[in-house]
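Going by this note's numbering, the first residue of the sequence shown is number 8, and it counts up by one from there. Beta carbons: idealized from backbone N, C-alpha and C, even for Gly. Everything numeric in this text was worked out from a predicted model, so none of it was measured. Here the structure comes first, spelled out in structure tokens, and everything after it is commentary.
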Amino acid sequence: MSDTAERPEAAEPTEPEEQRHQRERRVAALRGARRVLARPGFVSTLRERIALLDGAEELYGLDEPSDMYGNGVVAALEEKTAALLGTEAAAFFPTGTMAQQVALRCWAGRTGNPVVALHGLGHPEQHERNAFGRVSGLRPVRLTDAPRQPTADEVRGFDEPFGALMLELPLREAGYLLPTWEELTEVVEAARERDAVVHFDGARLWECATHFGRPLAEIAGLADSVYVSFYKSLNGYGGAALAGPRTLVEEAKAWRHRYGGQVFQQFPTALSALAGLARELPRLPAYVAHARVVAAALREGLAAAGLPWARVHPEVPHTHEFQVWLPHDPDTAGEAALRQAEETGTMLFSSPWDAGGPGLALTEVSVGESGLEWTADDVRAAVADFAARLES
């Protein structure tokens with residue numbers, strides 16, 4: 008997966024020894040496996056990551072002066088991003104957490120309302136340590152905590168005013184779920200009826216075009232502003248962009264400086280982002296299409312293995328990432344996945360297994376370039392081998 012390192016399992020000072028050992032085993036197994044569905048960049052060696060910039064002269068003139076405080080190649084990346092998303096301008100940020108706080112505090116200044124309506128499973132609520140309130144003077148309110156996208160009725164019927172509606176596309180914690188195009192436009196219209204601005208948490212917006220059947224610019228054009236990541240889908244070193252009206256972006260750059268995001272030089276990250284836009288972005292539709300093949304084969308394999316209850320969610324993935332649920336505890340599922348990788352060189356499940364409820368384990372599956380080599384038969388065979396280890 009593109010950002011497994013963000014999940015709660017990521018190494019912290021209080022990480023239990025057993026948990027740390029399992030994480031290290033998983034990273035080693037992922038590096039050593041001959042066959043995986045995706046190879047996330049963050050588990051690669053430094054040499055492998057540096058190789059991402061091979062051929063960089065095709066992306067930007069390497070004889071041009073290096074960047075300083077956001078000019079040069081960083082400005083070129085901003086222009087490229089704005090053009091792809093159909094916005095007036097874009098600003099590069101070191102992190103999406105910073106980009107979205109800045110965007111929403113800028114909108115709060117314009118609307119006079121610091122309340123941000125969002126989903127309870129959204130990234131700011133799950134992974135940012137209450138940063139909206141503690142750092143940016145914003146007050147998040149939850150439209151819903153249900154594992155689905157919020158509805159237009161929930162937006163219209165919310166019982167207090169809000170200045171901005173924030174939509175995460177796709178909603179990762181619910182299984183990388185997207186609304187239909189009609190549902191999305193209705194939710195946006197409902198926010199407009201309440202005189203609220205709309206901001207898209209589009210960290211993975213790049214992979215949404217297949218589901219919506221619309222170009223990126225048309226999708227982004229529904230919102231007043233949008234954030235995108237350069238590493239989650241595009242395999243870059245890091246970084247993000249905030250795209251929207253030029254006046255908003257210029258104000259955001261001022262706040263970027265105040266937040267400590269005016270980094271002296273960022274050319275490696277900017278070049279890796281340009282590489283992702285040039286090389287990975289065109290491949291994403293193929294990844295999404297093949298994820299649907301993999302998901303169908305997983306369902307068939309799990310059924311053939313005779314597991315009493317197992318789920319692929321959603322049954323037809325909306326992006327190239329989705330969830331798998333099993334009627335086992337996470338430790339059992341995780342150990343079976345690791346032993347399969349270590350003993351056979353095939354790693355079917357490379358992400359950690361979390362508790363989905365009593366007696367339930369869930370993990371995330373991502374299909375990348377290496378996954379395109381897997382046939383449906385390959386997936387079913389790997390499921391059968393995994394299931395045998397699971398039951399033993």
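With a CB to CB cut of under 6 Å and the five nearest residues on each side skipped, what residues in its chain are close to residue i?
{"i": "Ala-63", "result": "Leu-278"}
{"i": "Pro-186", "result": "Gln-156"}
{"i": "Glu-24", "result": "none"}
{"i": "Val-5", "result": "In the structure as shown, the chain begins at 8 and stops at 399. Residue 5 is therefore absent and cannot be evaluated."}
{"i": "Leu-172", "result": "Ala-124, Ala-198, Ala-203, Val-205"}
{"i": "His-335", "result": "Ala-368"}
{"i": "Arg-41", "result": "Gly-352"}
{"i": "Glu-19", "result": "For Glu-19, the pLDDT reaches just 47, beneath the cut-off of 50, and the residue's location in the model is therefore unreliable, although a value from the coordinates is still provided. Excluding residues within five positions, none has a Cβ falling inside 6 Å."}
In the DSSP output, which residue or residues are listed as bridge partners for residue i?
{"i": "Arg-136", "result": "The partner list for Arg-136 (beta bridge, DSSP) is empty, contrary to what the question assumes."}
{"i": "Asp-361", "result": "Leu-369"}
{"i": "Glu-167", "result": "Answer by DSSP bridge pairing: none, since Glu-167 is not bridged."}
{"i": "Tyr-234", "result": "Asp-208, Leu-249"}
{"i": "Met-173", "result": "His-206"}
{"i": "Met-354", "result": "Val-43"}
{"i": "Ala-124", "result": "Val-148, Leu-172"}
{"i": "Leu-178", "result": "Leu-184"}
Thinking just about the alpha-carbon of each residue, which of the options is nearest to the one in residue i?
{"i": "Gly-48", "options": "Arg-41, Ala-58, Arg-42", "result": "Ala-58"}
{"i": "Ala-310", "options": "Trp-188, Glu-180, Trp-332, Glu-161", "result": "Trp-332"}
{"i": "Thr-382", "options": "Glu-22, Gln-29, Val-43, Gly-39", "result": "Val-43"}
{"i": "Tyr-266", "options": "Leu-69, Ala-106, Lys-239", "result": "Ala-106"}
{"i": "Pro-315", "options": "Glu-380, Asp-338, Leu-397, Pro-289", "result": "Leu-397"}
{"i": "Tyr-67", "options": "Tyr-234, Glu-193, Ala-83", "result": "Ala-83"}
{"i": "Gln-29", "options": "Ala-340, Val-323, Glu-161, Gly-251", "result": "Ala-340"}
{"i": "Asp-338", "options": "Arg-286, Ala-298, Pro-359", "result": "Pro-359"}
{"i": "Arg-221", "options": "Leu-191, Ala-312, Gly-245", "result": "Leu-191"}
{"i": "Pro-289", "options": "Glu-65, Leu-241, Glu-350", "result": "Leu-241"}
{"i": "Gln-330", "options": "Glu-371, Phe-219, Ala-293", "result": "Glu-371"}
Given residue i, which residues of its chain have a CB within under 8 Å of its CB, disregarding the five upstream and five downstream residues?
{"i": "Phe-274", "result": "Ser-73, Asp-74, Gly-79, Val-80, Val-81"}
{"i": "Ala-296", "result": "Thr-217"}
{"i": "Arg-146", "result": "Pro-121, Val-122, Val-123, Phe-139, Gly-140"}
{"i": "Lys-87", "result": "Leu-281, Leu-284"}
{"i": "Leu-291", "result": "Trp-213, Glu-214, Ala-216, Thr-217, Ser-240, His-327"}
{"i": "Leu-111", "result": "Val-123, Phe-139, Ser-143, Leu-145, Ala-171, Met-173, His-206"}
My assumption, with CB atoms under 8 Å, is that residue i sits in contact with residue j. Please give the rounded CB distance.
{"i": "Val-256", "j": "Ala-98", "result": "5 Å"}
{"i": "Ala-248", "j": "Glu-85", "result": "7 Å"}
{"i": "Ala-36", "j": "Leu-305", "result": "No, Ala-36 and Leu-305 are not in contact; Cβ-Cβ is about 19 Å, not under 8 Å."}
{"i": "Thr-276", "j": "Gly-308", "result": "Between Gly-308 and Thr-276 the Cβ distance is about 39 Å, and since that is not below 8 Å, they are no contact."}
{"i": "His-130", "j": "Asp-208", "result": "6 Å"}
{"i": "Val-50", "j": "Arg-38", "result": "6 Å"}
{"i": "His-327", "j": "Glu-200", "result": "About 34 Å; that fails the 8 Å criterion."}
{"i": "Ala-89", "j": "Ser-377", "result": "The pair is not a contact, with the Cβ atoms about 32 Å apart (cut-off 8 Å)."}
Would you check whether the ligand ADP has a heavy atom nearer than 7 Å to the C-beta of residue i?
{"i": "Leu-369", "result": "For the structure depicted, the ligand ADP is absent and the ligand set is empty, with no information on it obtainable."}
Looking only at its own chain, which residues have a Cβ that is under 7 Å from the Cβ of residue i, when we skip the five neighbours before and after it?
{"i": "Gly-363", "result": "Trp-332, Leu-369"}
{"i": "Ala-389", "result": "Thr-353, Leu-355"}
{"i": "Gly-228", "result": "Gly-93"}
{"i": "Gly-268", "result": "Phe-100, Pro-101, Met-105"}
Within 8 Å of any Cβ in chain B, is that where the Cβ of residue i sits?
{"i": "Pro-101", "result": "In the displayed structure, chain B is absent; only one protein chain is listed."}
What are the uninterrupted segments assigned as beta strand (DSSP E) that are 3 or more residues long and contained completely in the stretch 82 to 106, given in chain order? As for any beta strand (DSSP E) of minimum length 3 sitting wholly inside the stretch 82 to 106, the runs are 96 to 100, ordered along the chain.
Curious, which full-length beta strand (DSSP E) runs of at least 3 residues does the stretch 242 to 285 contain? DSSP runs (the beta strand (DSSP E)) wholly in the stretch 242 to 285: 247 to 251.
Alpha helix (DSSP H) runs wholly inside the stretch 272 to 349, at least 4 long, in chain order: With a minimum length of 4 residues, the continuous alpha helix (DSSP H) runs that stay inside the stretch 272 to 349 are 274 to 282, 291 to 311.
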